[in-house]
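Participant: Residue numbers (UniProt numbering): 1 to 496.
Beta carbons are placed, not taken as given, at the ideal position from N, Cα and C, and that holds for glycine.
(1) Which same chain residues, not among the five before or five after residue 142, have their C-beta less than 7 Å away from its C-beta?
(2) Going by beta carbon distance, what residues of the same chain come within less than 7 Å of residue 17, once the five residues before and after it are set aside?
(3) Given a cut-off of 7 Å on the beta-carbon distance, is the pair residue 439 and residue 409 in contact?
(4) Which residue from 307, 366 and 209 puts its Cα closest to that of residue 395?
(5) When the distance is taken between beta carbons, is residue 346 closer than 7 Å to residue 191?
(6) Who pairs with residue 233 in a beta bridge, going by DSSP?
(7) What are the residues that DSSP puts in a beta bridge with residue 331?
(8) To the nearest angstrom, how far is the alpha carbon of residue 376 from that of residue 472?
(9) Which residues in the same chain have their Cβ closer than 8 Å to the Cβ of residue 121, if we skip the five residues on either side of it in sequence?
(10) So who's on the other strand from residue 181, going by DSSP bridges?
(11) Around the Cβ of residue 441, are there at least 16 other Cβ atoms within 10 angstroms (buried) or fewer (exposed)?
(12) Starting from the Cα of residue 477, find the closest Cα among 418, 468 and 176 and give me that residue.
(13) For the candidate residues 398, 78, 359 and 325, whose alpha-carbon lies nearest to that of residue 374?
(14) With a threshold of 16 other CB atoms inside 10 Å of the CB of residue 36, please say whether the residue is buried or exposed.
(15) Would you kindly work out how many angstroms separate the C-alpha atoms of residue 295 and residue 341, rounded to a whole number?
(16) Give me the DSSP bridge partner(s) of residue 351.
(17) If residue 312 sits next to residue 338, beta carbons under 8 Å apart, how far is it from one beta carbon to the other, in whole angstroms?
(18) DSSP state of residue 369, grouped into three classes?
(19) Counting C-beta neighbours from all protein chains within 10 Å, is the total for residue 168 16 or more, i.e. buried, or is it exposed?
(20) Evaluate residue 188 with the Cβ neighbour count: other Cβ atoms within 10 Å of its Cβ, from every protein chain shown; 16 or more gives buried, anything less gives exposed.
(21) May I have the straight-line CA-CA distance separating residue 403 from residue 448, to the nearest angstrom?
(22) By DSSP's criteria, residue 85 is part of a beta bridge. Which residues make up the other side?
(23) Assuming residue 497 contacts residue 96 (C-beta within less than 8 Å), just tell me the rounded distance between them.
(24) Which complete alpha helix (DSSP H) runs does the segment 403 to 435 hold, if anything under 4 residues is left out?
(25) Pick helix, strand or coil for residue 449, following the three-state DSSP scheme.
(26) Just the C-alpha distance for residue 304 and residue 310, rounded to the nearest angstrom, thanks.
(27) Short check: CB of residue 450 to CB of residue 479, under 7 Å?
(28) Please report how far the alpha carbon of residue 459 lies from the alpha carbon of residue 314, in whole angstroms.
What follows is the structure in structure tokens.
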């Protein structure tokens with residue numbers, strides 16, 4: 001079974017121990033998976049229920065270095081559990097589990113917690129590639145007394161929300177430097193800016209002679225800094241010193257590190273370089289690469305999947321129909337990961353996602369906040385069918401508080417983000433399989449509108465989307481339950 005809300009899993013486990021007289025066992029994912037259990041584990045502690053909570057964790061050598069969903073889990077659970085342990089080697093697993101089970105049942109029964117870093121679970125070669133240094137050729141000559149206007153191949157990478165977005169948009173445009181935008185900064189340059197490069201970031205970083213990391217952290221999203229060329233000059237700007245220099249002791253070295261506000265820095269740089277123009281060939285070449293990659297993506301979107309609709313095609317066609325004032329809320333794994341490459345946020349703060357912690361379940365709350373702040377805008381929630389379970393009940397809220405939004409659900413009956421790596425490595429799809437559930441009927445039950453879209457509806461997709469937009473304008477929250485098939489678009493997209 002799949003528990004869409006992890007607390008329910010803990011309550012189930014607790015009840016299981018009541019009826020069987022044994023220790024209930026719950027296994028959850030690292031980070032937000034564990035934080036979601038806190039209330040239920042406290043309940044088990046006060047109810048004196050024996051419970052073994054097993055949690056994932058970042059690889060041992062990557063802990064504290066910005067790995068996906070890496071937090072100090074032990075400090076969180078020590079006040080709640082009789083026993084807490086972090087397994088550090090495979091040979092520790094059996095004795096640690098035995099001890100935990102004994103403690104859970106001894107004296108006053110209660111919960112115990114064991115975390116398993118990923119390097120104790122996965123084959124070593126899978127994890128090793130995440131922290132092995134990448135070698136580059138050294139400089140042929142030393143460059144001294146340099147400044148921004150000495151460089152040709154310059155990139156700016158922004159991955160945070162920057163205040164005064166419109167002012168900073170003008171500042172970036174005046175600089176004329178190509179930018180990669182990630183996270184909440186997506187949309188900062190608008191839908192079709194010639195400076196916004198969306199594809200081939202890794203290749204561009206290899207060619208750049210100067211990279212400006214504007215609020216961008218060298219964590220798992222930049223492969224801990226390994227994607228940065230050792231021959232490039234690197235300027236990094238961040239308010240937080242620990243984030244400013246994250247992993248600079250291993251994989252990369254900043255040429256200049258500036259602790260300060262990113263937005264203010266960009267404004268001052270643009271004023272300092274007022275009148276200076278950077279060569280446009282570099283930006284144009286990157287844009288040509290963008291167009292080539294997007295052409296390949298369009299070709300892949302035209303391929304037929306084994307069953308149901310091609311998710312890339314669905315995303316492209318919906319993106320073309322979205323209003324120019326649309327706000328996109330991203331809540332999911334594989335489907336949302338594809339949407340990040342396909343969909344084009346219309347402007348600043350028109351893309352909302354959970355950030356580096358990767359927390360599922362933000363969709364309903366984010367959409368509600370966006371609609372209340374921008375009642376005239378078209379608010380879309382792009383859901384995976386796994387993440388939808390966390391906030392589908394908010395359709396009741398949307399209905400009662402007259403905050404109509406449109407939910408686009410990519411329903412492939414699977415936790416594909418997990419299955420994509422789990423099946424090749426472990427040879428099993430256990431706990432990843434869902435069902436092609438009638439989520440549109442759930443939305444209708446809460447007073448909203450719901451539409452089921454399958455392969456037989458492919459020719460009417462645009463009409464159904466336009467109907468959903470019309471219903472939304474009339475005050476109805478709408479859910480589009482789109483049955484999608486499998487593609488290889490995101491093969492190899494493991495993040496740890």
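Facilitator: Straight from the coordinates:
(1) In the chain shown, the residue the question calls residue 142 occupies position 142. No answer about residue 142 holds up, because its pLDDT of 33 lies below 50 and its placement is not dependable.
(2) Stepping through the chain shown from its first residue, residue 17 is reached at position 17. Excluding residues within five positions, the ones whose Cβ falls inside 7 Å are 23, 24, 49, 50 and 51.
(3) Start at 1 with the first residue of the chain shown, and residue 439 comes out as number 439. Start at 1 with the first residue of the chain shown, and residue 409 comes out as number 409. A contact, by the Cβ cut-off of 7 Å.
(4) Your numbering for residue 395 matches position 395 in the chain shown. Nearest Cα to residue 395 within the set 307, 366 and 209: 366.
(5) As a first step, residue 191 is located in the chain shown; it is residue number 191 there, counting from the start. As a first step, residue 346 is located in the chain shown; it is residue number 346 there, counting from the start. Their beta carbons are under 7 Å apart, which means residue 191 touches residue 346 by this criterion.
(6) Here residue 233 corresponds to residue number 233 of the chain shown, with the count starting at 1. Assignment of beta-bridge partners to residue 233 by DSSP yields 210.
(7) In the chain shown, the residue the question calls residue 331 occupies position 331. Paired residues: 383.
(8) Within the chain shown, residue 376 is the residue found at index 376, counting from 1. Within the chain shown, residue 472 is the residue found at index 472, counting from 1. Taking the straight line joining both Cα atoms gives about 11 Å.
(9) Translated into positions along the chain shown, residue 121 becomes position 121. Result list for residue 121: 56, in chain order.
(10) The count along the chain shown starts at 1 and reaches residue 181 at position 181. Looking at the DSSP assignment, residue 181 forms a beta bridge with 158.
(11) As a first step, residue 441 is located in the chain shown; it is residue number 441 there, counting from the start. Per the 10 Å Cβ criterion, exposed.
(12) To locate residue 477, count along the chain shown from 1; it is residue 477. The residue with the shortest Cα to Cα distance from residue 477 is 468.
(13) Numbered from 1 along the chain shown, position 374 holds the residue referred to as residue 374. Looking at 398, 78, 359 and 325, the one whose alpha-carbon comes closest to that of residue 374 is 325.
(14) Numbered from 1 along the chain shown, position 36 holds the residue referred to as residue 36. Using a 10 angstroms sphere on the CB of residue 36, the tally of other CB atoms reaches 16 or more, which defines it as buried.
(15) Translated into positions along the chain shown, residue 295 becomes position 295. Translated into positions along the chain shown, residue 341 becomes position 341. Taking the straight line joining both Cα atoms gives about 12 Å.
(16) Indexing the chain shown from 1 puts residue 351 at position 351. 328.
(17) Here residue 312 corresponds to residue number 312 of the chain shown, with the count starting at 1. Here residue 338 corresponds to residue number 338 of the chain shown, with the count starting at 1. Contact holds; Cβ gap of about 6 Å.
(18) Locating residue 369 in the chain shown gives position 369, where the first residue counts as 1. DSSP, read as helix, strand or coil, puts residue 369 in helix.
(19) Within the chain shown, the letter at position 168 stands for residue 168. Note on residue 168: 16 or more other CB atoms within 10 angstroms of its CB, so buried under the neighbour-count rule.
(20) On the chain shown, position 188 is the one that residue 188 refers to. Residue 188 is buried by the Cβ-count criterion.
(21) Here residue 403 corresponds to residue number 403 of the chain shown, with the count starting at 1. Here residue 448 corresponds to residue number 448 of the chain shown, with the count starting at 1. Straight through space, the alpha carbons of residue 448 and residue 403 are spaced by roughly 11 Å.
(22) Within the chain shown, the letter at position 85 stands for residue 85. Beta-bridge pairing links residue 85 to 114.
(23) This structure gives no information on residue 497, because the portion of the chain shown stretches from 1 to 496.
(24) As far as the segment 403 to 435 is concerned, its whole alpha helix (DSSP H) runs of at least 4 residues are 416 to 426.
(25) By 1-based counting over the chain shown, the position of residue 449 is 449. DSSP, read as helix, strand or coil, puts residue 449 in strand.
(26) Residue 304 sits at position 304 when you count from the first residue of the chain shown. Residue 310 sits at position 310 when you count from the first residue of the chain shown. The alpha-carbon of residue 304 is positioned some 6 Å away from that of residue 310.
(27) Here residue 450 refers to the residue found at position 450 when the chain shown is read from its first residue. Here residue 479 refers to the residue found at position 479 when the chain shown is read from its first residue. Yes, Cβ-Cβ distance for residue 450 and residue 479 is below 7 Å.
(28) For the purposes of this step, residue 459 is taken as residue 459 along the chain shown, with counting starting at 1. For the purposes of this step, residue 314 is taken as residue 314 along the chain shown, with counting starting at 1. Distance from the CA atom of residue 459 to the CA atom of residue 314, rounded to whole angstroms, is 11 Å.
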